[in-house]
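S.K.: As given, the protein sequences belong to chains Z and P, one line each in that order. Letter by letter, the first sequence follows residues 478 to 877 in the numbering used here. Letter by letter, the second sequence follows residues 391 to 668 in the numbering used here. Each residue gets a CB set at the ideal place from its N, CA and C atoms; glycine is no exception. Note that the structure is a prediction, hence the values are computed from the model and not measured.
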Amino acid sequence: MTGLRVVRASFATLQDQGRAHHRSLGVPVSGMLDPAAGHLANALVGSAPGAAVIEYRLGPLVLEAVGGAVRIALVGPLGRSSLVGAQGAITYFDAHETIVVPPGAQVTCAAPAGNGCGYLAVAGGFCIRPVLASLATTLNAGFGGLGGRLLAPHDHLPVGLGDRDKASDRECDGDEYRPADPAAGDVRLLHAPAYGAAHDGVTSTSAGSAAHPAKEGCPEAKFATCRATADKAVTVRVVPGPQFDHFTVDAKNLAQETTWQVTPAVDRMGMRLAGPALEHGNDAGRGANIDSDGMCPGAIQVPADGQPIVLLADCQTTGGYAKLGVVIGPDLRRLAHVGPGDRVQFAFVTPRVAVEAARDWASHVATLATQTAPIVRTRAPTTADLLGANLISGVTFAEA
Amino acid sequence: MTDLLSPGSENTWPAPRFLPLGEAALTVELGPAYTPEINARVDALARALTSPDAAAISAGFIEVLPTLRSLTIFFDCLVTDHDAVRALAQAALERIDTAQRAPETQREAQGEAREGGRTWCVPVCYEQSEFAPDLGAVAATLGLSPQEVVARHTSVTLRVLMVGFLPGLPYLGPVDPTLVLPRRAAPRTHVPALSVGLAAGMSVIYPRASPGGWHLLGRTPVPIFDLDHEPPGVFAAGDHLTFRAVSMAKYQELADRVAAGEPGAAVLADFAQDEAVA
Numbered sequence: 478m479t480g481l482r483v484v485r486a487s488f489a490t491l492q493d494q495g496r497a498h499h500r501s502l503g504v505p506v507s508g509m510l511d512p513a514a515g516h517l518a519n520a521l522v523g524s525a526p527g528a529a530v531i532e533y534r535l536g537p538l539v540l541e542a543v544g545g546a547v548r549i550a551l552v553g554p555l556g557r558s559s560l561v562g563a564q565g566a567i568t569y570f571d572a573h574e575t576i577v578v579p580p581g582a583q584v585t586c587a588a589p590a591g592n593g594c595g596y597l598a599v600a601g602g603f604c605i606r607p608v609l610a611s612l613a614t615t616l617n618a619g620f621g622g623l624g625g626r627l628l629a630p631h632d633h634l635p636v637g638l639g640d641r642d643k644a645s646d647r648e649c650d651g652d653e654y655r656p657a658d659p660a661a662g663d664v665r666l667l668h669a670p671a672y673g674a675a676h677d678g679v680t681s682t683s684a685g686s687a688a689h690p691a692k693e694g695c696p697e698a699k700f701a702t703c704r705a706t707a708d709k710a711v712t713v714r715v716v717p718g719p720q721f722d723h724f725t726v727d728a729k730n731l732a733q734e735t736t737w738q739v740t741p742a743v744d745r746m747g748m749r750l751a752g753p754a755l756e757h758g759n760d761a762g763r764g765a766n767i768d769s770d771g772m773c774p775g776a777i778q779v780p781a782d783g784q785p786i787v788l789l790a791d792c793q794t795t796g797g798y799a800k801l802g803v804v805i806g807p808d809l810r811r812l813a814h815v816g817p818g819d820r821v822q823f824a825f826v827t828p829r830v831a832v833e834a835a836r837d838w839a840s841h842v843a844t845l846a847t848q849t850a851p852i853v854r855t856r857a858p859t860t861a862d863l864l865g866a867n868l869i870s871g872v873t874f875a876e877a
Numbered sequence: 391m392t393d394l395l396s397p398g399s400e401n402t403w404p405a406p407r408f409l410p411l412g413e414a415a416l417t418v419e420l421g422p423a424y425t426p427e428i429n430a431r432v433d434a435l436a437r438a439l440t441s442p443d444a445a446a447i448s449a450g451f452i453e454v455l456p457t458l459r460s461l462t463i464f465f466d467c468l469v470t471d472h473d474a475v476r477a478l479a480q481a482a483l484e485r486i487d488t489a490q491r492a493p494e495t496q497r498e499a500q501g502e503a504r505e506g507g508r509t510w511c512v513p514v515c516y517e518q519s520e521f522a523p524d525l526g527a528v529a530a531t532l533g534l535s536p537q538e539v540v541a542r543h544t545s546v547t548l549r550v551l552m553v554g555f556l557p558g559l560p561y562l563g564p565v566d567p568t569l570v571l572p573r574r575a576a577p578r579t580h581v582p583a584l585s586v587g588l589a590a591g592m593s594v595i596y597p598r599a600s601p602g603g604w605h606l607l608g609r610t611p612v613p614i615f616d617l618d619h620e621p622p623g624v625f626a627a628g629d630h631l632t633f634r635a636v637s638m639a640k641y642q643e644l645a646d647r648v649a650a651g652e653p654g655a656a657v658l659a660d661f662a663q664d665e666a667v668a
């Protein structure tokens, strides 16, 4: 059936909004590190906000359409991507826009800038059996997504429901397959979200460009602004945590005053930071170790060595270290685009401010999702376009 | 058996603390540290909050996560907030306390029926040294024989205090008071799946291979977290469990049934029935 075949991927997983409702079984929530980016990618291709997407980082993602044309959208701090048709014609495209990948064409999704994450959504969604009602990959537990693992060359990701029978439809997370119609035209987001201080220069550039001359193809050139601002730390707002009173007054001040270095110990479970040691008070049993209680992505746990660990999507549901605070949702997504060598700062806010920020952010993203414009391509149709159009209008979907 | 939910005629519970866990969760801490009594109260609060009538009035409620001495309530902060969720939890605690102050007969009719959960009997092979690498050292540390450690480990009905650390991993307790010892000084990088561990006055069963710092006393043949079955986790907080020592032959027999595709929960139910008859 129609789908995408993985040609090359370095650190790519299927993710959706994750599996809440199973924390009492000890099942991590998982899901997209930057849900807003995934939401916008889905919106561009007409999929539901929480539909599964490919989250990728640490290099480009190369895919080939198989069996039919697939409309995709890329969102993230990405440079220019390219599509090579079956006849060798090259089309360049940017993040925050859709493009149709004709069967046999290969799409090279640009490597995210720095430590960023890219998100690829497909019209019709992925048709893969969900685990506990979710396609999110939980790497450390080895389930969800595609066999609970990273995507690898030769993996086939079926798109949409195709002509599967009803019984198997229920085991598939895909939407009804809609053949990509190039005549319908591609769209782009008018305004992209900010990804984090290190990447904010990128988004304004890429969202502002309406036309895409193919020769201006060097992604590095685009990220000059990105490098210039890379020294700036990403500031995230933090609600004081359940064990805030386990820390000395000095530690609480130090937590905010310090520009924390992100260490190489970063994965989808968490991010270790390095800086001055945050001391626990250690009075009346209020130390680094606690009787395990509930955790969530964003929690900042501080073991006895005083070095904070920010927990991310795949984190355990319970934890036995004192939690200094919790990075609020709208800011936690910025850490999806932060990695070793980057710097992070904390700013404490009240729970009330955090709730308001989450509500404002949700409505902001919903607004961004509706503000799209048709793409006016300045070049003539390529062989790839024509090839795609022929296949779509014909009856060659019998094999899909 | 003592009633864990009522420490005396007076309400002597510590004041609950309501601790925000980010913008979309609230941890209700029922005591400064884990005790079996506090844990039973966590369980009662979880049941009160998830009973059909309570769930109906709480818009934006996502789920509750019971842990050793706290309960974390996850909610949709676009719909509700910490204050509203705190009010729900406070009201539920008041209902629990009111039910406990009621006379015995009335209590049975009301809240007590909610206490409980399922009861399990879990076969453990304590024989093979491969299964029980720490049994000898634990016995030596506690000044007991390995046989005495096994006898005491299997003599007490344990509660599932919480599920966490790994999908489906139950924290069980309290163990026999003579079996209390700290975790291993050096955690293992590889604990085999279905190992039964002992530490900190509690016991655990590792659902799958993992690093871990508990003393390993034996192994069960029955998988306790299996995504091919619904629900995937066998144990839930509030369930009761006893370990039962089995021979290597019995271990193998049960392992064969599991390998043939029988769900873990079904194998455990049969085993409990056989044991009850025997």
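Say whether chain Z places a C-beta atom closer than 9 Å to the C-beta of D471/P.
M.R.: Here residue 471/P is taken as the residue at index 81 of the second sequence, counted from 1. So yes, D471/P belongs to the interface.
S.K.: Is A742/Z helix, strand or coil by DSSP?
M.R.: Counting from one through the first sequence, the residue named residue 742/Z turns up at place 265. Strand at A742/Z.
S.K.: Measure the C-alpha to C-alpha separation of H499/Z and P622/P and round it to an integer number of angstroms.
M.R.: Against the first sequence, residue 499/Z aligns to sequence position 22. Against the second sequence, residue 622/P aligns to sequence position 232. Distance between the alpha carbons of H499/Z and P622/P: 10 Å.
S.K.: Near G654/P, which residues of its chain fall below 8 Å by C-beta distance, leaving aside the five closest residues on each side in sequence?
M.R.: Counting from one through the second sequence, the residue named residue 654/P turns up at place 264. For G654/P, where only same-chain residues beyond five positions count, the Cβ hits under 8 Å are V612, P613, I614, D616, H619, V624, V648.
S.K.: Can you list, in chain order, the stretches of the beta strand (DSSP E) that have 3 or more residues and sit fully within the region 784-826 of chain Z?
M.R.: Correct list: 786-788, 795-798, 800-804, 820-825.
S.K.: Which chain Z residues sit within Cβ distance under 8 Å of M552/P?
M.R.: In the second sequence, residue 552/P corresponds to position 162, counting from 1. Simply S769, T795.
S.K.: Suppose the cutoff is 6 Å on Cβ atoms and the five residues either side in sequence are ignored; what does the same chain contact list for L525/P look like?
M.R.: Taking the second sequence and counting its residues from 1, the one referred to as residue 525/P is at position 135. These residues qualify, in order along the chain: P536, L607.
S.K.: With DSSP collapsed to three states, give me the class of A684/Z.
M.R.: Position 207 of the first sequence, counted from the start, is the residue given in the question as residue 684/Z. Only weak support exists for where A684/Z lies, its pLDDT of 35 falling under 50; the value from the coordinates is given anyway. Note: A684/Z maps to helix in three-state DSSP.
S.K.: With a threshold of 8 Å on Cβ separation, who are the neighbours of G508/Z within its own chain once the five nearest residues in sequence on each side are excluded?
M.R.: Reading the first sequence from its first residue, position 31 is the one you call residue 508/Z. Closer than 8 Å at Cβ, skipping near neighbours: Q492, D493, Q494, G495, R496, S611, A613, A790.
S.K.: Could you give the first and the last residue of the continuous alpha helix (DSSP H) run that contains R534/Z?
M.R.: Taking the first sequence and counting its residues from 1, the one referred to as residue 534/Z is at position 57. It is not in any alpha helix (DSSP H) - R534/Z instead sits in the beta strand (DSSP E) that spans 530-534.
S.K.: Between R431/P and W403/P, how many whole angstroms is the CB-CB distance? I'm expecting something under 8 Å.
M.R.: Looking up residue 431/P in the second sequence gives position 41. Looking up residue 403/P in the second sequence gives position 13. Indeed, because the Cβ distance is near 7 Å, the residues count as touching under 8 Å.
S.K.: Along the alpha helix (DSSP H) that carries I343/P, what are the first and last residues, could you check?
M.R.: The first residue shown for chain P is 391 and the last is 668, placing residue 343/P beyond what the model contains.
S.K.: Just to confirm the assignment: which complete beta strand (DSSP E) runs, minimum length 3, are found wholly within the region 537-600 of chain P?
M.R.: Counting only runs of 3 or more, we get 548-553, 560-563, 578-581, 585-589, 592-595.
S.K.: With contact counted as at least three CB pairs below 8 Å, one residue from each stretch, are the region 581-588 of chain P and the region 460-475 of chain P in contact?
M.R.: Contact between the region 581-588 of chain P and the region 460-475 of chain P is absent, because fewer than three Cβ pairs lie under 8 Å.
S.K.: Taking C-beta pairs closer than 8 Å, name the residues in chain Z that S452/P reaches, listed in chain order.
M.R.: For this step, residue 452/P is matched to residue 62 along the second sequence. Before going further, note that residue 452/P is Ile rather than Ser in the sequence given. Within 8 Å Cβ-Cβ: A497, H498.
S.K.: Just to confirm, are V578/Z and L540/Z a CB contact at a threshold of 9 Å?
M.R.: As a first step, residue 578/Z is located in the first sequence; it is residue number 101 there, counting from the start. As a first step, residue 540/Z is located in the first sequence; it is residue number 63 there, counting from the start. Closer than 9 Å, so yes.
S.K.: Hey, could you find the ends of the alpha helix (DSSP H) Q492/Z is sitting in?
M.R.: Here residue 492/Z corresponds to residue number 15 of the first sequence, with the count starting at 1. Here Q492/Z belongs to no alpha helix (DSSP H); instead the beta strand (DSSP E) covers 488-492.
S.K.: Since W838/Z is in the beta strand (DSSP E), which residue starts that stretch and which ends it?
M.R.: Here the question's residue 838/Z lines up with position 361 in the first sequence. Premise fails: W838/Z lies in the alpha helix (DSSP H), 828-847, not in any beta strand (DSSP E).
S.K.: If the cut is a Cβ gap below 8 Å, which residues of chain Z does Y596/P touch?
M.R.: By 1-based counting over the second sequence, the position of residue 596/P is 206. Simply none; closest approach about 12 Å.
S.K.: Report the three-state DSSP secondary structure of N519/Z (helix, strand or coil).
M.R.: Reading the first sequence from its first residue, position 42 is the one you call residue 519/Z. Three-state result, N519/Z: helix.
S.K.: What does DSSP give as the partner residue(s) for T632/P in the beta ladder?
M.R.: The residue given as residue 632/P occupies position 242 in the second sequence. Bridge partners of T632/P: C511/P.
S.K.: Locate the beta strand (DSSP E) running through E574/Z, then write down its first and last residues.
M.R.: On the first sequence, residue 574/Z is found 97 positions in, with the first residue counted as 1. Its beta strand (DSSP E) spans residues 574-578.
S.K.: Under 9 Å, do P753/Z and G783/Z count as touching if we go by C-beta distance?
M.R.: For this step, residue 753/Z is matched to residue 276 along the first sequence. For this step, residue 783/Z is matched to residue 306 along the first sequence. Yes, Cβ-Cβ distance for P753/Z and G783/Z is below 9 Å.
S.K.: With 16 other CB atoms within 10 Å as the buried threshold, where does E413/P fall?
M.R.: As a working note, residue 413/P is residue 23 in the second sequence. Counting Cβ neighbours within 10 Å, E413/P comes out buried, since at least 16 surround it.
S.K.: Using only CA atoms, which one of A650/P, P582/P, V594/P, E419/P lies nearest to S600/P?
M.R.: Residue mapping note: residue 600/P aligns to position 210 of the second sequence, counting from 1. Nearest option by C-alpha distance: P582/P.
S.K.: If you drop the 5 nearest sequence neighbours on each side, which residues of the same chain put their C-beta closer than 8 Å to that of V570/P?
M.R.: Your numbering for residue 570/P matches position 180 in the second sequence. Hits under 8 Å: A590, G591.
S.K.: Secondary structure at D760/Z, three-state DSSP: helix, strand or coil?
M.R.: By 1-based counting over the first sequence, the position of residue 760/Z is 283. It is coil, neither helix nor strand.
S.K.: Candidates T794/Z, V561/Z, L628/Z: which alpha carbon is nearest I463/P's?
M.R.: Counting from 1 along the second sequence, the entry for residue 463/P is found at position 73. Among T794/Z, V561/Z, L628/Z, the Cα nearest to that of I463/P is on T794/Z.
S.K.: Interface residues of chain P around A732/Z at Cβ under 7 Å?
M.R.: Within the first sequence, the letter at position 255 stands for residue 732/Z. In chain order: nothing, as chain P lies at least about 16 Å away.
S.K.: DSSP beta-bridge partners for E453/P?
M.R.: By one-based count along the second sequence, residue 453/P stands at place 63. The partner list for E453/P (beta bridge, DSSP) reads F464/P.
S.K.: Starting from Q778/Z, trace the beta strand (DSSP E) in both directions and tell me its first and last residue.
M.R.: Looking up residue 778/Z in the first sequence gives position 301. Start and end: 776-778.
S.K.: Looking only at its chain, what residues have a beta carbon closer than 7 Å to the beta carbon of G747/Z, apart from the 5 residues adjacent to it on each side?
M.R.: Locating residue 747/Z in the first sequence gives position 270, where the first residue counts as 1. So the list reads I786, V787, L788, L789, C792, once near-sequence residues are dropped.
S.K.: If I follow the unbroken alpha helix (DSSP H) through F661/P, where does it start and stop?
M.R.: Working through the second sequence from its first residue, we reach residue 661/P at position 271. Residues 654-667.
S.K.: May I ask you to list, following chain order, the residues of the region 409-433 of chain P that have a beta carbon less than 8 Å from some beta carbon of chain Z?
M.R.: The residues in question are L409, P410, L411, G412, E413, A414, A415, T417, E419, P422, A423, Y424.
S.K.: Please confirm whether V577/Z has its beta-carbon closer than 9 Å to some beta-carbon of chain P.
M.R.: Position 100 of the first sequence holds residue 577/Z. False, the Cβ-Cβ gap to chain P never drops below 9 Å.
S.K.: Could you list which residues in chain P have their beta carbon closer than 7 Å to that of V620/Z, in chain order?
M.R.: Within the first sequence, numbered from 1, the residue matching residue 620/Z stands at position 143. Per the sequence shown, the amino acid found at residue 620/Z is Phe instead of Val. Here the neighbours are L617.
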